[in-house]
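Counted the way mature numbering (1 follows the signal peptide of the UniProt record, and there is no 0) counts, the sequence shown spans residues -16 to -1, 1 to 188. We put the CB at the ideal spot given by N, CA and C, even for glycine. It should be emphasised that the depicted structure is a prediction, and the values quoted were computed from it without experimental measurement.
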Amino acid sequence: MFKAALIALILGAVVAVPAPFGTLLGVTHGNTSVYSCNHPTEDKSNYYPPGTDETNGTYTGLRWQCVELARRYLFLNHQLLFASVDGAVDIFNLSTITDVGRNVSVPFTAHAQGSATPPVRGSLLIYKNVGYYAPWGHVAVVVDVHTSHIDIAEQNVDDSVWPPGQAYSRRLNVTRSSASFTVDKLYDDEVVLGWMTTPLHPAC
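Here you go:
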């Protein structure tokens, strides 16, 4: 987003140039590609995984929005598909997710920011639809969890190509103890609602 580049410029940081719409930004866990959503002039059509289309495939969302990446990551890596939502913030209200391979619904659990249950690789980090992420909220995929930080993959934020060897969009500091886990803010006006977890199994 333009705002991310403007903030970095004000702070005197090196500003990465947003890549054109559809540019491959990087590849994260599970060989999942992440693309630029930088101000497309064309309509954002629904995305279908390679080899499928509207007649024989499952769309993952409008390309290359944040929700599209979250749906595609879980579908390709774990054969899981959550329901269509109006905005990323609405994912936090879901209680089940479909195991496509077994055609059954399984629990999809929301954990509020500061809860005792930490996210794991494959969890979805959900932002409220206020401030920087108004009016739809935001979702990112947690691709690694460490003692002091988590790595996330996301679309439709800064849209810059990742440095060589990097397999994530951003690294976020965390504050954790045996009783709580909190993802630190990047922007003053953002609100992390929490994260979604579900039993994860490799896709067959």
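Helix, strand or coil for residue i per DSSP?
| i | result |
| --- | --- |
| ASN140 | coil |
| VAL129 | strand |
| TYR31 | strand |
| ASN157 | strand |
| LEU60 | helix |
| LEU53 | helix |
| ASP135 | strand |
| VAL176 | strand |
| PRO2 | coil |
DSSP puts residue i in a beta bridge; with which residues?
| i | result |
| --- | --- |
| GLY14 | Its beta-bridge partners do not exist; DSSP assigns none. |
| GLY45 | TYR31 |
| THR166 | THR159 |
| LEU8 | TYR19 |
| THR181 | THR93 |
Note down the Cα distance separating residue i from residue j, rounded to an integer number of angstroms.
| i | j | result |
| --- | --- | --- |
| VAL73 | GLY149 | 31 Å |
| VAL129 | ILE136 | 9 Å |
| PRO34 | SER17 | 12 Å |
| THR80 | PRO4 | 35 Å |
| LEU8 | SER162 | 38 Å |
| LEU46 | GLY6 | 12 Å |
| PRO183 | LEU170 | 29 Å |
| PRO147 | VAL11 | 11 Å |
| VAL84 | VAL176 | 29 Å |
| VAL127 | LEU108 | 9 Å |
| PHE92 | ARG155 | 24 Å |
| THR101 | THR42 | 31 Å |
| TYR111 | VAL145 | 23 Å |
| LEU53 | GLU174 | 20 Å |
| VAL69 | ASN113 | 13 Å |
| ALA(-9) | GLN139 | Caution applies to ALA(-9), whose pLDDT of 47 falls short of 50 and renders its modelled position unreliable; the model cannot decide the point. |
| GLN49 | CYS21 | 6 Å |
| VAL51 | SER89 | 20 Å |
| residue 198 | PHE76 | Residue coverage of the chain in this structure runs from -16 to 188, which leaves residue 198 outside it and unanswerable. |
| VAL125 | ASN87 | 23 Å |
| ASN30 | THR44 | 7 Å |
| LEU58 | PRO119 | 24 Å |
| GLY121 | ALA151 | 23 Å |
| VAL123 | VAL1 | 22 Å |
What do you reckon, is the C-beta of residue i under 7 Å from a heavy atom of the ligand ADP?
| i | result |
| --- | --- |
| ASN87 | In the structure on display, the ligand ADP does not appear, and there are no ligands present to speak of. |
How close, in whole Å, do the beta carbons of residue i and residue j come, if the pair is a contact with beta carbons under 8 Å?
| i | j | result |
| --- | --- | --- |
| SER99 | GLY14 | The pair is not a contact, with the Cβ atoms about 25 Å apart (cut-off 8 Å). |
| THR159 | ASP168 | 6 Å |
| PRO186 | HIS62 | 7 Å |
| ALA67 | LEU78 | 6 Å |
Report yes or no: is there a C-beta of chain D within less than 8 Å of the C-beta of residue i?
| i | result |
| --- | --- |
| PRO2 | Looking for chain D here will not work: only one protein chain is present. |
Can you give, in chain order, each stretch of the beta strand (DSSP E) that sits fully within the region 66 to 124 and has at least 3 residues? Fully enclosed beta strand (DSSP E) runs of 3 or longer: 80 to 83, 88 to 91, 93 to 96 and 108 to 111.
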